[in-house]
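Enquirer: Have a look at this one.
2 protein chains.
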Amino acid sequence: MNRRDETRAAMLAEIKRAARRLLVSGGVAAIGLRAVAREVNLTAPALYRYFPSHEALITELIADLYDELTTALMELGCESEGDLGAQLYLLANGLRDWALAQPAEFALLFGTTIPNPDAEGHDDTPGHQAAMRFGALFKELVAQIWHEKPFPYPADDVLGTKLVAQLSDEAAHFHGMPPGAIYLGLTYWTRLYGLICMEVFGQLHWVLPDAAAYFEAQLYEIGLAMGLDCPAPE
Amino acid sequence: MNRRDETRAAMLAEIKRAARRLLVSGGVAAIGLRAVAREVNLTAPALYRYFPSHEALITELIADLYDELTTALMELGCESEGDLGAQLYLLANGLRDWALAQPAEFALLFGTTIPNPDAEGHDDTPGHQAAMRFGALFKELVAQIWHEKPFPYPADDVLGTKLVAQLSDEAAHFHGMPPGAIYLGLTYWTRLYGLICMEVFGQLHWVLPDAAAYFEAQLYEIGLAMGLDCPAPE
DNA sequence: GTATTGAGTGAACAGCGTTCACTGTTAACA
DNA sequence: TGTTAACAGTGAACGCTGTTCACTCAATAC
Chain A
1 MNRRDETRAA MLAEIKRAAR RLLVSGGVAA IGLRAVAREV NLTAPALYRY
51 FPSHEALITE LIADLYDELT TALMELGCES EGDLGAQLYL LANGLRDWAL
101 AQPAEFALLF GTTIPNPDAE GHDDTPGHQA AMRFGALFKE LVAQIWHEKP
151 FPYPADDVLG TKLVAQLSDE AAHFHGMPPG AIYLGLTYWT RLYGLICMEV
201 FGQLHWVLPD AAAYFEAQLY EIGLAMGLDC PAPE
Chain B
1 MNRRDETRAA MLAEIKRAAR RLLVSGGVAA IGLRAVAREV NLTAPALYRY
51 FPSHEALITE LIADLYDELT TALMELGCES EGDLGAQLYL LANGLRDWAL
101 AQPAEFALLF GTTIPNPDAE GHDDTPGHQA AMRFGALFKE LVAQIWHEKP
151 FPYPADDVLG TKLVAQLSDE AAHFHGMPPG AIYLGLTYWT RLYGLICMEV
201 FGQLHWVLPD AAAYFEAQLY EIGLAMGLDC PAPE
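Those sequence lines, one after another, are chains A and B.
Here the first sequence stands for residues 1 to 234, where the numbers follow UniProt numbering.
Here the second sequence stands for residues 1 to 234, where the numbers follow UniProt numbering.
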């Protein structure tokens with residue numbers, strides 16, 4: 001490790017930190033090339049020594065945020081001391097808190113149209129891989145919950161043959177859970193995502209002034225369906 | 001109505017049409033001031049005779065899209081000939097089809113952070129009002145379904161007192177439905193929104209290659225909870 | 001018939017992402 | 001140790017963006 005390599009790595013980290021600071025304070029639009037350069041006392045063209053383009057900088061930033069969020073949620077889950085239901089509850093609430101605290105970052109990760117990786121040029125970008133790692137965290141937790149205490153799940157015939165086929169293909173990632181159980185786990189994630197999206201994007205306060213109570217009730221309802229004894233709303 | 005006013009109105013409409021064309025073809029970023037001007041054979045500064053700023057143009061475009069979507073879904077609902085359950089089903093599927101066909105427009109309407117209107121400077125922008133009209137369409141339909149055939153709903157104590165209070169405040173917009181029933185109707189909307197968001201933003205194909213089957217199963221499930229006899233997935 | 005309003009233009013400004021020729025400095029190799 | 005090559009960084013420039021301003025020309029109003 002040369003001294004040049006060291007300064008380079010340090011500079012790279014500092015650039016990303018600056019970009020992140022700008023993202024939090026002023027949204028994606030604030031991450032201008034010149035703005036970032038100004039923040040680290042450099043000129044704009046100098047950044048091209050570290051990133052091939054402005055878009056690449058943001059892509060790397062996304063990957064970093066994904067990993068950061070993943071580890072943060074994992075650490076949060078460790079507080080539950082083996083209680084898997086509580087862990088899922090903490091994960092859901094942790095994700096919501098994070099999203100509400102940094103809506104710009106949430107929108108960047110979860111509110112941007114991601115090109116389908118299966119479509120021909122399936123890009124193995126670091127962003128995609130980081131997103132997969134994040135998804136794996138959730139899949140793993142659901143699978144553990146299932147194997148610890150299986151919950152009742154919808155029969156195949158109410159799901160439809162097409163969906164059952166797709167869910168069966170996913171069984172490997174869920175430690176061999178039956179399609180209906182995977183469906184229920186997926187429903188948890190879908191509803192959680194939808195709730196947070198609605199709140200962050202302000203789509204909820206035209207009917208509910210305080211979404212927190214609604215969020216808790218929803219979490220309780222879907223947690224109950226998965227056989228978890230989550231805290232009931234007061 | 002002067003001849004000058006006529007040409008002005010015509011020009012205004014043509015500008016919006018051009019902006020919309022650019023939105024569909026290339027996303028929000030494509031709606032450049034000069035690009036729009038080029039499309040209507042004008043120079044960029046000329047557009048300032050019609051819109052105070054670039055942002056205002058996009059805001060008006062959003063309002064137009066909301067209204068357009070609202071009427072389109074209402075017309076779609078009329079095909080159901082009085083069957084309210086079918087109408088809700090058509091609305092849900094219509095919204096999804098529209099979102100998938102024009103993801104850029106969907107992201108603009110539903111995937112952008114909207115400032116809380118209750119917060120101090122409560123803006124009565126045309127965009128907000130249009131969004132309210134869109135929301136009213138859904139509320140109205142849910143209320144009609146309820147009054148035609150009430151469905152079982154969660155008791156107040158599983159929702160929590162805070163949520164029940166908020167839902168009670170909303171009862172007027174739902175023709176006096178009980179809190180639990182409003183909760184169920186709201187759940188329908190929340191889940192629908194979440195599902196479409198996930199699909200449009202590409203957050204679903206890391207686990208399900210074809211979201212259509214999943215969407216149908218979810219719609220069936222929540223429709224069942226509201227006492228509707230929606231078509232079961234095959 | 002004259003004054004006024006309005007639409008539209010072209011030039012200009014600051015800022016954007018990006019490229020290029022150009023400096024120094026640092027590492028690698030003889 | 002001296003030479004060479006790679007590297008970090010700069011300043012100028014290009015074409016683009018939203019926006020402003022002075023200006024022209026036609027249509028309306030009195």
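Ideal Cβ positions, reconstructed from N, Cα and C, are used throughout, including at glycine.
Within the chosen definition, does the segment 168-185 of chain A reach the segment 176-193 of chain B through at least 3 CB pairs nearer than 8 Å?
Expert: No: fewer than three Cβ pairs fall under 8 Å.
Enquirer: Once the 5 residues before and after Leu228/B are set aside, which same chain residues still bring their CB inside 6 Å of it?
Expert: Working through the second sequence from its first residue, we reach residue 228/B at position 228. Excluding positions up to five away in sequence, the list reads Gly85.
Enquirer: Would you kindly work out how many angstroms separate the C-alpha atoms of Arg17/B and Phe201/A, rounded to a whole number?
Expert: Within the second sequence, residue 17/B is the residue found at index 17, counting from 1. Within the first sequence, residue 201/A is the residue found at index 201, counting from 1. Distance between the alpha carbons of Arg17/B and Phe201/A is about 26 Å.
Enquirer: Residues of the segment 194-209 of chain B with a CB closer than 7 Å to any CB of chain A: list them in chain order, please.
Expert: The segment 194-209 of chain B vs chain A, Cβ under 7 Å: Gly194, Leu195, Cys197, Met198, Val200, Phe201, Gly202, Gln203, His205, Trp206, Val207, Leu208, Pro209.
Enquirer: Any chance you could list the alpha helix (DSSP H) runs of at least 4 consecutive residues sitting entirely within the segment 85-120 of chain B, in chain order?
Expert: Qualifying alpha helix (DSSP H) stretches, in chain order: 103-110.
Enquirer: Within a Cβ cutoff of 6 Å, which residues of the same chain sit near Asp67/B, ignoring the five residues on either side of it in sequence?
Expert: To locate residue 67/B, count along the second sequence from 1; it is residue 67. Result list for Asp67/B: Ala130, in chain order.
Enquirer: Within the continuous alpha helix (DSSP H) that includes Ile31/B, where are the two ends?
Expert: Your numbering for residue 31/B matches position 31 in the second sequence. Element bounds for Ile31/B: n/a, residue is neither H nor E.
Enquirer: Can you say whether Gly223/B is buried or exposed, counting buried as having 16 or more other CB atoms within 10 angstroms of its CB?
Expert: Sequence index remark: in the second sequence, residue 223/B carries index 223 (1-based). Buried, since its Cβ has 16 or more Cβ neighbours within 10 Å.
Enquirer: How long is the line joining the alpha carbons of Pro45/A and Ala30/B, rounded to whole angstroms?
Expert: Sequence index remark: in the first sequence, residue 45/A carries index 45 (1-based). Sequence index remark: in the second sequence, residue 30/B carries index 30 (1-based). Cα-Cα distance, rounded: 25 Å.
Enquirer: Hey, is Tyr220/A's beta-carbon within less than 9 Å of any beta-carbon in chain B?
Expert: For this step, residue 220/A is matched to residue 220 along the first sequence. So, interface residue.
Enquirer: Check whether chain A comes within 9 Å of Leu95/B, counting only Cβ atoms and requiring the distance to be less than that.
Expert: By one-based count along the second sequence, residue 95/B stands at place 95. Output row for Leu95/B: interface = no.
Enquirer: In chain A, which residues lie with their C-beta within 9 Å of the C-beta of Val158/B?
Expert: In the second sequence, residue 158/B corresponds to position 158, counting from 1. Going along chain A in sequence order, the residues near Val158/B (Cβ under 9 Å) are Ala217, Tyr220, Glu221, Leu224, Ala232, Pro233.
Enquirer: Ordered along the chain, which non-local residues of its own chain (more than five positions away) have a Cβ less than 8 Å from that of Val28/A?
Expert: Position 28 of the first sequence, counted from the first residue, corresponds to residue 28/A. Only Ile58, Ala104, Ala107, Leu108 meet the Cβ criterion.
Enquirer: Any beta carbon from chain A within less than 9 Å of Thr110/B's own beta carbon?
Expert: Counted from its first residue, the second sequence places residue 110/B at position 110. Checking the sequence shown, residue 110/B turns out to be Phe, not Thr. Cβ-Cβ to chain A under 9 Å: yes for Phe110/B.
Enquirer: Can you find a CB in chain A that lies within less than 9 Å of the CB of Met132/B?
Expert: Within the second sequence, numbered from 1, the residue matching residue 132/B stands at position 132. For Met132/B, the answer is yes, since a Cβ of chain A falls inside 9 Å of its Cβ.
Enquirer: When the Cα of Ser80/A is compared with those of Tyr188/A, Ser53/A, Leu91/A, which residue comes out closest?
Expert: Taking the first sequence and counting its residues from 1, one reaches residue 80/A at position 80. Closest option to Ser80/A, Cα to Cα, is Leu91/A.
Enquirer: Are Thr187/B and Gln218/A closer than 9 Å when you measure CB to CB?
Expert: Here residue 187/B refers to the residue found at position 187 of the second sequence. Here residue 218/A refers to the residue found at position 218 of the first sequence. For Thr187/B and Gln218/A, yes; Cβs fall inside 9 Å.
Enquirer: Does the distance from the C-beta atom of Gly94/A to that of Leu141/A stay below 9 Å?
Expert: Counting from one through the first sequence, the residue named residue 94/A turns up at place 94. Counting from one through the first sequence, the residue named residue 141/A turns up at place 141. It is not a contact, given that the beta carbons lie outside the stated cut-off.
Enquirer: Rounded to a whole number of angstroms, what is the C-alpha to C-alpha distance between Tyr153/A and Thr112/B?
Expert: Here residue 153/A is taken as the residue at index 153 of the first sequence, counted from 1. Here residue 112/B is taken as the residue at index 112 of the second sequence, counted from 1. Looking at the two C-alpha atoms, the distance is approximately 35 Å.
Enquirer: Mind checking whether the beta-carbon of Leu163/B lies closer than 8 Å to any heavy atom of the ligand GTP?
Expert: As for the ligand GTP, it is missing from this structure, which has no ligand bound.
Enquirer: Name the chain B residues whose beta carbon is nearer than 8 Å to that of Gly135/A?
Expert: On the first sequence, residue 135/A is found 135 positions in, with the first residue counted as 1. In chain order: Trp206, Val207.
Enquirer: What first and last residue would you give for the alpha helix (DSSP H) that runs through Gly227/A?
Expert: What you label residue 227/A is simply residue 227 of the first sequence in a count that begins at 1. Per DSSP, Gly227/A belongs to no alpha helix (DSSP H) and is neither H nor E.
Enquirer: Can you tell me whether DSSP reads Gln129/B as helix, strand or coil?
Expert: On the second sequence, residue 129/B is found 129 positions in, with the first residue counted as 1. In this structure, Gln129/B counts as helix in the three-state DSSP scheme.
Enquirer: Quick one: what does DSSP say Met11/A is sitting in, helix, strand or coil?
Expert: Numbered from its first residue, the first sequence carries residue 11/A at position 11. If DSSP states are grouped into helix, strand and coil, Met11/A belongs with the helices.
Enquirer: Flag Glu170/B as yes if its beta-carbon sits less than 9 Å from any beta-carbon of chain A, otherwise no.
Expert: Reading the second sequence from its first residue, position 170 is the one you call residue 170/B. For Glu170/B, the answer is yes, since a Cβ of chain A falls inside 9 Å of its Cβ.
Enquirer: DSSP state of Tyr50/A, grouped into three classes?
Expert: On the first sequence, position 50 is the one that residue 50/A refers to. Here Tyr50/A sits in coil by DSSP.
Enquirer: Find the residues of chain B that neighbour Thr113/A, judging by a C-beta separation of less than 9 Å, and give them in chain order.
Expert: Mapped onto the first sequence, residue 113/A falls at position 113. Gly27, Pro103, Ala104, Ala107, Gly111, Val200, Phe201, Gly202, listed in chain order.
Enquirer: Can you tell me which of the three DSSP states Glu221/A falls into?
Expert: For this step, residue 221/A is matched to residue 221 along the first sequence. In the structure shown, Glu221/A sits in a helix (DSSP, three-state: H, G or I).
Enquirer: Counting along the chain, where does the alpha helix (DSSP H) carrying Val207/A start and finish?
Expert: By 1-based counting over the first sequence, the position of residue 207/A is 207. Note, Val207/A: premise wrong, no alpha helix (DSSP H); not H, not E.
Enquirer: Would you say Gln166/A faces chain B, with C-beta separation under 9 Å as the test?
Expert: Here the question's residue 166/A lines up with position 166 in the first sequence. Interface residue, yes.
Enquirer: Give the single residue among Ser168/A, Met74/A, Asp83/A whose Cα lies nearest to the Cα of Leu137/A.
Expert: Within the first sequence, numbered from 1, the residue matching residue 137/A stands at position 137. Leu137/A has its Cα closest to that of Met74/A, out of Ser168/A, Met74/A, Asp83/A.
Enquirer: Look at the alpha carbon of Leu167/A and the alpha carbon of Ala37/B, and state the distance between them as a whole number of angstroms.
Expert: Within the first sequence, numbered from 1, the residue matching residue 167/A stands at position 167. Within the second sequence, numbered from 1, the residue matching residue 37/B stands at position 37. Roughly 49 Å between the two C-alpha positions.
Enquirer: Contact defined as beta carbons within less than 8 Å: I believe Leu163/B pairs with Ala99/A. What is the distance between those atoms, to the nearest angstrom?
Expert: Against the second sequence, residue 163/B aligns to sequence position 163. Against the first sequence, residue 99/A aligns to sequence position 99. With 8 Å as the limit, Leu163/B and Ala99/A do not qualify as a contact, their Cβ atoms being about 20 Å apart.
Enquirer: Closer than 8 Å by C-beta to residue 238/B: which residues in its own chain qualify, once you throw out the five before and the five after it? Chain order, please.
Expert: Outside the modelled stretch of chain B, which goes from 1 to 234, sits residue 238/B, for which no answer is possible.
Enquirer: List the whole-angstrom C-beta distance separating Gly194/B from Cys197/A, where the pair is believed to meet the contact cut-off of C-beta under 8 Å.
Expert: Position 194 of the second sequence, counting from 1, holds the residue named residue 194/B. Position 197 of the first sequence, counting from 1, holds the residue named residue 197/A. Yes, Gly194/B and Cys197/A are in contact; Cβ-Cβ is about 6 Å, under 8 Å.
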